[in-house]
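Participant: First, the structure itself, so that you have it in front of you.
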Amino acid sequence: MDGAAQQIVDRRAGIAELSAARAVSRQAVAVAFVFSALVNLLMLTAPLYMLQVYDRVLVSRSEETLLALTLLMGFLFLVMGVLDHARSRIMARVGARIQDQLDARVLSAAFRRLTLAPQDSAALAAQKDLDAIARFWASPVLLACFDAPWTPFFAAAIFVFHPWLGYLALGGGVVIVGLSWLNQRAADAPLHAATLASLAADRQADTLKAESELIQALGMSGAAFVRLKLRRDRALEAALQATDISGRYSVMIRTFRMVLQSAMLGMAAWLVLRQELSAGAMIAASILTGRTLHPVEQAVAQWSTLTRARQARTRLAGLLAQSPPAPRRTELPRPRGELAVQSLTVVPPDATAPVLRGVTFHLAPGQALGVIGPSGSGKSSLARALTGIWQPAAGCVRLGGATLD
Numbered sequence: 094m095d096g097a098a099q100q101i102v103d104r105r106a107g108i109a110e111l112s113a114a115r116a117v118s119r120q121a122v123a124v125a126f127v128f129s130a131l132v133n134l135l136m137l138t139a140p141l142y143m144l145q146v147y148d149r150v151l152v153s154r155s156e157e158t159l160l161a162l163t164l165l166m167g168f169l170f171l172v173m174g175v176l177d178h179a180r181s182r183i184m185a186r187v188g189a190r191i192q193d194q195l196d197a198r199v200l201s202a203a204f205r206r207l208t209l210a211p212q213d214s215a216a217l218a219a220q221k222d223l224d225a226i227a228r229f230w231a232s233p234v235l236l237a238c239f240d241a242p243w244t245p246f247f248a249a250a251i252f253v254f255h256p257w258l259g260y261l262a263l264g265g266g267v268v269i270v271g272l273s274w275l276n277q278r279a280a281d282a283p284l285h286a287a288t289l290a291s292l293a294a295d296r297q298a299d300t301l302k303a304e305s306e307l308i309q310a311l312g313m314s315g316a317a318f319v320r321l322k323l324r325r326d327r328a329l330e331a332a333l334q335a336t337d338i339s340g341r342y343s344v345m346i347r348t349f350r351m352v353l354q355s356a357m358l359g360m361a362a363w364l365v366l367r368q369e370l371s372a373g374a375m376i377a378a379s380i381l382t383g384r385t386l387h388p389v390e391q392a393v394a395q396w397s398t399l400t401r402a403r404q405a406r407t408r409l410a411g412l413l414a415q416s417p418p419a420p421r422r423t424e425l426p427r428p429r430g431e432l433a434v435q436s437l438t439v440v441p442p443d444a445t446a447p448v449l450r451g452v453t454f455h456l457a458p459g460q461a462l463g464v465i466g467p468s469g470s471g472k473s474s475l476a477r478a479l480t481g482i483w484q485p486a487a488g489c490v491r492l493g494g495a496t497l498d
């Protein structure tokens, strides 16, 4: 199995953990989906109201009918607003629950990974990646995904008014989907580069803060700030490039939608002049066209949120797979102060050559041992092995007769 295939297989364990955290909120997501269905059905209120006003009220000149229709419309819009607000609140809490479930696990995995690879980018960005996933669940782009299955329903409703109007809406929808696909192709790479550049800048800033006393003592503050500013400038430039691309396609789609709605209104007016369509259907078709294309437009406007969440999920899955949950340990009696090291060999993480080989000693309770030597001789490596931070490549460390693992 090659390296890429092995990486995909290894990531599956992390994906399973993320999916398990999401599955806990399955019922809440289902309720939000049902609310979305009701919201989309209630979206028909405006076109149906226009249809009735133009085709029934204006013809009959009945004020009672107009009042009844207006009161019904107001009630339905109130219900729609309540349901829309409710589904937004539900999804915000789903994101918060997922973050709460994974917070300790992700932090633990990041700590364990950083002890082995202090510069691991996935471990350093773990908490931000979890925040990105939580924001995605509470973002409008997910609600747009819930609304997307209703797009064919609204398009079919336009076909009911007149086939030509339906074909115009269908053609416009194809163009907008094509623009959305181009936006994805064009924006994914810049968004990924912007994310990596931002993480690198944040990592360097954290390092400078941690070493602030040493940097000031050595008179390196100016040089350190210049290097940090260069990194932050690169991150800002990458973010602006990604924003420009997404913004360009978002404006193109929004402009095309307005042109399409105007074209729909013009064609409908022409059909009215030919007495093939009523005036109410003309207005209703224009409203339905906007509603048909709304989920796609909203998804493109929020595409950066979706892309960051997808990249964050990939990194988190790899991190969780690299640092699986610690197995449940057997409860042992309180250890005696007896330390035994037998043929200990230590190889640092991401290295192949051992820094310690064949170390053996025994300390009875009350005894002490001093370890001296030049820099790089393995003193810190021995301490990491004795405390269980690094696992021995060979041999063992026993405390009170039991191995550290």
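Quick note on our numbering: the sequence shown kicks off at 94 and runs consecutively.
C-beta atoms are modelled at their ideal positions from N, C-alpha and C, and glycine is treated no differently.
Predicted model only: the values in this text are computed from it and were never measured.
#1: Which one of Arg190, Ala414 and Leu321 has the shortest CA to CA distance from serine 201?
#2: Who pairs with glutamine 435 in a beta bridge, going by DSSP?
#3: Am I right that aspartate 177 and proline 388 are in contact with their C-beta atoms under 8 Å? What's the rounded C-beta distance?
#4: Please confirm whether isoleucine 226 and alanine 279 have their CB atoms less than 8 Å apart.
#5: Between which two residues does the beta strand (DSSP E) containing arginine 450 stretch?
#6: Rounded to a whole number of angstroms, what is the C-alpha to C-alpha distance between valine 440 and isoleucine 346?
#7: Between glutamine 334 and proline 283, what straight-line distance do the alpha-carbon atoms span, to the nearest angstrom?
#8: Work out the CA separation of threonine 163 and phenylalanine 254 for me, nearest whole Å.
#9: Just list the alpha helix (DSSP H) runs in the segment 115-159, keeping only unbroken ones of 4 residues or longer that don't cross its boundaries, in chain order.
#10: Pairs of beta-carbons, one from the segment 365-379 and one from the segment 143-155, closer than 8 Å: are there three or more?
#11: How long is the line joining the alpha carbons of valine 490 and leucine 432, rounded to whole angstroms?
#12: Of the residues Pro458, Ser118 and Ala250, which one's Cα is nearest the Cα of aspartate 193?
#13: If you count every other CB in all the chains shown that lies within 10 Å of the CB of methionine 136, and 16 or more means buried, which is it?
#14: Which residues share a DSSP beta bridge with alanine 495?
#15: Provide the residue span of the alpha helix (DSSP H) that contains glutamate 330, from first to last.
#16: Is the separation between the beta-carbon of histidine 331 and that of alanine 294 shorter than 8 Å?
#17: Let me confirm a value: threonine 496 is counted as buried when at least 16 other C-beta atoms fall within 10 Å, else exposed. Which label applies?
#18: If you run the structure through DSSP and keep just helix, strand and coil, what is glycine 188?
#19: How many whole angstroms separate the CB atoms of leucine 386 and glycine 266, which I take to be in contact at a CB cut-off of 8 Å?
#20: Mapping DSSP to helix, strand and coil, what is glutamate 45?
Facilitator: Based on what the coordinates show:
#1: Ala414
#2: Cys489
#3: Actually they do not touch by this definition, with Cβ atoms about 14 Å apart.
#4: no
#5: 449-456
#6: 56 Å
#7: 7 Å
#8: 23 Å
#9: 119-135 and 138-145
#10: yes
#11: 7 Å
#12: Ser118
#13: buried
#14: Leu492
#15: 314-366
#16: The sequence shown places alanine at residue 331, rather than the histidine named in the question. Cβ distance not < 8 Å, so alanine 331 and alanine 294 don't count as in contact.
#17: exposed
#18: helix
#19: 6 Å
#20: Residue 45 lies beyond the range of the chain shown here (94 to 498); nothing can be said about it.
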